[in-house]
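A.B. asks: Note that the numbering used here has the sequence shown beginning at 11, numbered continuously upward. First, the structure itself, so that you have it in front of you.
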Amino acid sequence: MNVARLNRVRIWDLPTRLFHWVLAVLVTGALLTAEFGAMAWHMRLGQATLVLLAFRLLWGFVGGRWSRFAGFFREPGHDWKGSASVLVMLAWLIAQVLSGMVADDEIMTAGPLRPRVSDGLSELGTHWHVAWGQWGVYALVVLHLVAVAWQVLRGRSLVMPMVTGDKELTEAAPASRDDLRSRLLALGLIALITCGYVVSIAA
């Protein structure tokens, strides 16, 4: 009986892995602070999420091979269903964060961009943020967890590769670049995006 030889390949670079886990913490925190009315922290977490999502959009063009959008619909990173779900999640979170930036509860909390938009746009953003947007985030998080659990039951753990960065493959595949230079590039992008955001809000 022939046993397929497994090749350990670096699929997820460190910046992508950190993005995944930090995003999970930020989204969880944002949902909890919204539920418990801790709006100051909710806004901080939302702004941090915006910076992180902006980084991921840029990293989708300059990151490791399997972190780039060009490689999304090819194994061994994601299959087409996993890739589609990631893109939907990113798009939905971007819409949710941007709507929060212009939202206004007309009591004590308003997004940092509220003074720069019309009343109509603010009302639209507020309605989306507290209704469709929020429940959509809950739904996407649940679907994501169910999908991960299903893959685990099928013997395909998605968790460990997002921790170690490596997958064991039966066929050869090119590895994602994950060296000091790429990690410094990611750090520089985060710093640049953060500074740009702070300056734009303060202007």
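Here a beta-carbon is modelled for each residue, glycine too, at the ideal position from N, C-alpha and C.
#1: Name the DSSP bridge partner or partners of E178?
#2: Where does D188 sit, in a helix, a strand or coil, going by DSSP?
#3: Identify which residue in S186, E181, W69 has its Cα closest to the Cα of T174.
#4: Taking just the CA atoms, how far does T180 sit from P171?
#5: Can you find at least 3 beta carbon pairs, one from the segment 61-79 and one from the segment 194-203, that sit closer than 8 angstroms?
#6: Residues in the same chain with beta-carbon distance under 6 angstroms from F65, minus the five sequence neighbours each way, listed in chain order, please.
#7: With a floor of 4 residues, list each alpha helix (DSSP H) that falls wholly inside the segment 22-88, ordered by position along the chain.
#8: Which of the three DSSP states, helix, strand or coil, is assigned to A120?
#9: To the nearest angstrom, how far is it from the Cα of M111 to the Cα of W22?
#10: Would you mind stating whether N17 and E116 have Cβ atoms separated by less than 8 angstroms?
#11: DSSP three-state label for L194, please.
#12: When you compare only the Cα positions, how much space is there between L108 and V162?
#13: Are the segment 126-134 and the segment 87-103 in contact at 8 angstroms, needing three or more beta carbon pairs?
#14: With burial defined as no fewer than 16 other Cβ atoms inside 10 Å of the residue's Cβ, what is the status of P184: buried or exposed?
#15: Report buried or exposed for A213, applying the criterion of at least 16 other Cβ atoms within 10 angstroms of its Cβ.
C.D. replies: A quick look at the data gives this:
#1: R18
#2: coil
#3: S186
#4: 15 angstroms
#5: yes
#6: L199, I200, I203
#7: 24-45, 49-72
#8: strand
#9: 31 angstroms
#10: no
#11: helix
#12: 34 angstroms
#13: no
#14: exposed
#15: exposed
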